[in-house]
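Each remark here refers to the structure printed beneath this line.
Residue numbers (this note's numbering): 190 to 332.
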């Protein structure tokens, strides 16, 4: 779900497709509306670029009209892909369940090899010189 304050719309990106009844969306919007009201009551909302703060009244726009997720375990992967591909109005390219198989593997490798991964170097971790991080200066010295 994308809260587009400038346009005053809620854009729904759901890999399971269009669903006519969305109680969880209404509950989320009510919770958000309650938080906004509380901030306003405390005079903690300053100047903003939103059309207004009545998010519960904003129009809901379904941005994914067909079911593209066929399993029950890829919703997080679809969410990450939606974040990557969302232009503000639409997805820059469509994705499929098959794309998630490849993305799942790529994400696992990325997370394991990420510099902040604290598990690196622990028992069972195999280190190779391919994974070394060189500074640009060190790369220049090797040329």
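From the three backbone atoms N, C-alpha and C, an ideal C-beta is built for every residue, glycine too.
{"Item": "With residue 273 as the anchor, note down where its alpha helix (DSSP H) starts and where it stops.", "Value": "264-274"}
{"Item": "Taking 8 Å as the threshold (C-beta atoms), are residue 285 and residue 254 in contact?", "Value": "no"}
{"Item": "Taking the beta strand (DSSP E) that residue 248 belongs to, which residues open and close that run?", "Value": "248-251"}
{"Item": "On a Cα-Cα basis, can you pick out the residue from 274, 238, 219 and 270 that is closest to residue 296?", "Value": "270"}
{"Item": "According to DSSP, is residue 198 part of a helix, a strand, or is it coil?", "Value": "strand"}
{"Item": "Measure the alpha-carbon distance for residue 303 versus residue 273 and round it to whole angstroms.", "Value": "18 Å"}
{"Item": "In whole angstroms, what is the alpha-carbon distance linking residue 238 and residue 193?", "Value": "10 Å"}
{"Item": "With C-beta atoms as the reference, is residue 256 less than 8 Å away from residue 287?", "Value": "no"}
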